[in-house]
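Those letters in the sequence shown? Residues 3 to 603, per our numbering, in order. Virtual Cβ for every residue (Gly too), placed ideally from N, Cα, C. Report on the structure given below.
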Amino acid sequence: MKLTLMGNEAIAWGLIHSNTQMVSGYPGTPSSEILTTVQKIKDSQNLPVYAQWATNEKVGFEVAYAGAIAGVNAAATMKQVGLNVASDALMSASFIGNKGAFVLIVADDPGFNSSQTEQDSREFARFARIPVLDPATPAEAYEFTKLASEISKKFEIPVMLRSVMRVSHSREIVEIDDNFEFKEQKCNFQRDIPRWAAVPREGRLKQAYEQLERIEAIKKYNYENLIKPKIDKLKGTKNLIISSGAAYGYAKEVADELNLDVDILKIDMPYPLPDELKELVKNYEKVLVVEETYPVIEEELRSENIFGRMSGHMHLVDEMNKERVLEAYKKIGFYEGENIYKPYFKVEDVNQRKPNLCPGCPHRDVFFAIKKVFRPKKSIYPSDIGCYTLGINLEAIDTVLCMGASVSMAHGLSIADKEKTVIATIGDSTFFHGGIPPLINAVYQKAKFILVILDNSTVAMTGRQTTPERENPQVDLKKVAEGCGAEVMEYFYKPDINETIEFFKKVKKRYEEIDKPLVVISRQYCVLDKERAKDFLPGIFASVDEEKCVACDVCTTQFVCPPMHYNERGKIEIDPLLCIGCGVCISGICPTDAFIPRREK
C-alpha cells in the first residue's frame, strides 16, 4: 500500500508494523508527530497499543523501557535536547539491555530551526554504546524503524533511530506493508535480579563486558547486512564519498549534477562501524565524509586520507545544503568549476519578521503587566522553553537556558542580585517537566522570587498536546506548588489589561510580605486551542482613531501585537485579517486611547 507520509508519520507506521505495543515520550519539534500519529492509528484500528505523553523525556523513556524488559516491543520518542533529559536512563539501559525490542527515536535539529542546540544524537549512541540508524528519507524512516526493532530484539540492546528535521518534516510516497495484522504480545517479565537490578561494581562490570561483546557482534551484522552489499556495487574509482542520513541526499545529488567520477558509499548504521570499512578507505586516494551534524563517522574511521569537518573541508555549524557540499568538493579537489547553486539573493537581503506571540495570546498581556508593575531596571526576568519564550520581543525575558531552568536561575539570580526583584515565567507543561525539583530546592533553601506559571492547559509550541492537569484534573498545579511549600496566588485571566495589571500589583504587595518563593498561576487559554479559545475570546475587534494616535510606539514596542503596524500616514493601523477579537488593546494599552471597537467585523 502506498501512502504520502511525513517522515514522522512513516516512523509511526514503522512502529505499528513492528508490533510496537508501548510508545511513550515528550513532545518537541521536530519529533512531536510520531507519537501523535501512533495514537491516531491505534484509535482508528482499535489496536491494543499504549501511546501516551509523559511529563518529561526521562519518564517517557523509563515507562517504555519497562515494557521492553517485560518482553513487549516498545519505543520512546523525543527531540535531541530531550535526550539530554533521558540520558541518565539511557546510559544504564545500554548496559542492562532488554527482552522485547526497545527503539529510542530521536529527532535532531541541524540549523537550530526550533531548538537551543543542534547537537548530534549519534554521538549519544556512540557514548552509550548502542547502535544507531540514520534514515535519509521518509521511506527509509519507515523501513529503518522496523529494522531498529528487529536489531534491538535480536541483540537485546536499545537501538536509536536518529531522524533530522528535513527527514521528519518532509513528505514522500511510502510503500508500507499491506494487510498487516498487529499481534499483541503478552507480558512475560522474567525475574532476573543480577541483570535487571545489577549494582556496582560486580554486577555492572559483568554487563560492561557483555556490552562490548554485543557491539562487536553488531559491527559484524552492520558489515554483512548493511555495508558489504553496497561496497560490492562500487565502481572502484580513485576517490570516495562516505555519507549517511539526510546528508547523503545532498552528497549524491551534487555529485550527480556535477558529473563527478567518484564512488559514493551510504552508511545506514553510523555506529558501530566495522573494521572492514577502515580497510576499504585505504584503497582510495581521498575520502570525503559528508555527515550532519558532528564528525561521527569521520572520527570512527580516522585516517590520513579521510577529510571532512575535522579537517576543515566541511562546514562546522548549520544545516547541510547543496552549496556547502559543492564548496567541500572544491576544497578537497573533486571539482574545480563554478558554483552552480549560487543564489540570486542572500537571506540577509530579505526583510524577516521576528517570531512573535500569536495575536490575542494571553501571555502578551501578562508580560506587559509584569513590566508595568516590576520595572525592567529594578527587575530580572528569567524564562523557559515554550511559546512564551517569544516574550523576548516584549523585552520581558532576560534568560533562557533549558527546560525548568527558569526556576533554578531565578533562585540563583535572587542570591546574586539582592537589589532586584526576580520574576520568572514558565509554562504549565514545562513546570511539570522540569520545574518541580528546582521549586522544592528554592523553598527548602528559603529563596525569594516570583514564579509565574503561564497555564494555558496545552503544550502549545509543539502541537497543542494535552497537559497532565488537563488530561486528569486530579493533577492540580496549585496543589503541586503548595505541596512544594511555596505560597500560591491564582489569576483567572480576563482580556482586560487593567485587571491584569491590578492583579500583579497585589502580587507585588504579597511578595514584599513573605520570605519564600511566591508562585503565581495565571489560568489562561491558547488562541490556537479550538476546544477552549472560543469560550474566552469576546469577539471585540479593534480599529484605530487616527486623530488620537500620536505614534508613541507603546503598542509596537511594548505590547507588540502582530496586527499592529504603521500605515503610509505614520499612524498605527490594525490588520483585520490578523486581529482575532480579543479586545485587549481597547482596554487600556494605548496612552491616548486610540484603539476603538471596529464597527464591522
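So, helix, strand or coil for residue i, using DSSP?
{"i": "residue 584", "result": "strand"}
{"i": "residue 300", "result": "helix"}
{"i": "residue 524", "result": "strand"}
{"i": "residue 253", "result": "helix"}
{"i": "residue 516", "result": "coil"}
{"i": "residue 374", "result": "helix"}
{"i": "residue 150", "result": "helix"}
{"i": "residue 574", "result": "strand"}
{"i": "residue 288", "result": "strand"}
{"i": "residue 567", "result": "strand"}
{"i": "residue 457", "result": "strand"}
{"i": "residue 174", "result": "strand"}
{"i": "residue 346", "result": "coil"}
{"i": "residue 41", "result": "helix"}
{"i": "residue 384", "result": "strand"}
{"i": "residue 559", "result": "helix"}
Could you check which residue in the options has the C-alpha nearest to that of residue i?
{"i": "residue 163", "options": "241, 376, 107 and 227", "result": "107"}
{"i": "residue 74", "options": "554, 56, 353 and 24", "result": "24"}
{"i": "residue 459", "options": "486, 428 and 440", "result": "428"}
{"i": "residue 498", "options": "464, 538 and 508", "result": "538"}
{"i": "residue 247", "options": "289, 231 and 296", "result": "296"}
{"i": "residue 251", "options": "204, 179, 172 and 227", "result": "172"}
{"i": "residue 260", "options": "312, 229, 327 and 273", "result": "327"}
{"i": "residue 110", "options": "100, 99 and 137", "result": "137"}
{"i": "residue 1", "options": "218, 426, 219 and 358", "result": "Since the first residue shown for the chain is 3 and the last is 603, residue 1 is missing from the structure and cannot be characterised."}
{"i": "residue 403", "options": "376, 436 and 423", "result": "436"}
{"i": "residue 290", "options": "277, 281, 513 and 313", "result": "313"}
{"i": "residue 377", "options": "145, 193, 89 and 507", "result": "507"}
{"i": "residue 579", "options": "545, 100, 319 and 473", "result": "545"}
{"i": "residue 398", "options": "372, 277 and 415", "result": "372"}
{"i": "residue 487", "options": "520, 473 and 466", "result": "520"}
{"i": "residue 123", "options": "298, 567 and 288", "result": "298"}
{"i": "residue 411", "options": "176, 426, 144 and 187", "result": "426"}
{"i": "residue 175", "options": "4, 113 and 294", "result": "4"}
{"i": "residue 224", "options": "197, 209, 273 and 196", "result": "273"}
Go ahead and label residue i buried or exposed: buried means 16 or more other beta carbons lie within 10 angstroms of its beta carbon, across all protein chains shown.
{"i": "residue 305", "result": "exposed"}
{"i": "residue 46", "result": "exposed"}
{"i": "residue 584", "result": "buried"}
{"i": "residue 362", "result": "buried"}
{"i": "residue 168", "result": "buried"}
{"i": "residue 555", "result": "exposed"}
{"i": "residue 310", "result": "buried"}
{"i": "residue 39", "result": "buried"}
{"i": "residue 476", "result": "exposed"}
{"i": "residue 18", "result": "buried"}
{"i": "residue 446", "result": "exposed"}
{"i": "residue 189", "result": "exposed"}
{"i": "residue 346", "result": "exposed"}
For residue i, collect the residues of the same chain with a Cβ closer than 8 Å to its Cβ; drop the 5 residues on either side in sequence, then sort them by chain order.
{"i": "residue 96", "result": "130, 131, 132, 159, 160 and 213"}
{"i": "residue 206", "result": "97 and 200"}
{"i": "residue 400", "result": "382, 383, 384 and 385"}
{"i": "residue 91", "result": "60, 63, 64 and 67"}
{"i": "residue 219", "result": "157"}
For the beta strand (DSSP E) that contains residue i, what are its first and last residues?
{"i": "residue 544", "result": "544–546"}
{"i": "residue 242", "result": "241–246"}
{"i": "residue 613", "result": "The question about residue 613 has no answer here: the residues shown for the chain are numbered 3 through 603."}
{"i": "residue 429", "result": "423–429"}
{"i": "residue 53", "result": "52–55"}
{"i": "residue 211", "result": "Here residue 211 belongs to no beta strand (DSSP E); instead the alpha helix (DSSP H) covers 204–223."}
{"i": "residue 494", "result": "489–494"}
{"i": "residue 599", "result": "597–599"}
{"i": "residue 4", "result": "4–8"}
{"i": "residue 271", "result": "Neither: residue 271 is in no beta strand (DSSP E) and is coded neither H nor E."}
{"i": "residue 379", "result": "Per DSSP, residue 379 belongs to no beta strand (DSSP E) and is neither H nor E."}
Give every residue of the same chain whose Cβ lies closer than 6 Å to the Cβ of residue i, excluding the five residues on either side of it in the sequence, and list them in chain order.
{"i": "residue 433", "result": "455"}
{"i": "residue 604", "result": "Since the first residue of the chain shown is 3 and the last is 603, residue 604 is not available in this structure."}
{"i": "residue 263", "result": "239"}
{"i": "residue 541", "result": "583"}
{"i": "residue 389", "result": "462 and 463"}
{"i": "residue 315", "result": "309, 330, 333 and 334"}
What does a CB cutoff of less than 7 Å around residue i pick up in its chain, not counting 5 residues either side in sequence?
{"i": "residue 547", "result": "596 and 598"}
Which residues mark the beginning and the end of the alpha helix (DSSP H) in which residue i is found?
{"i": "residue 129", "result": "123–130"}
{"i": "residue 446", "result": "438–446"}
{"i": "residue 470", "result": "470–473"}
{"i": "residue 326", "result": "324–334"}
{"i": "residue 166", "result": "Where residue 166 is concerned, there is no enclosing alpha helix (DSSP H), although the beta strand (DSSP E) it sits in stretches over 161–166."}
{"i": "residue 107", "result": "Residue 107 -> not in any alpha helix (DSSP H); beta strand (DSSP E) instead, spanning 104–110."}
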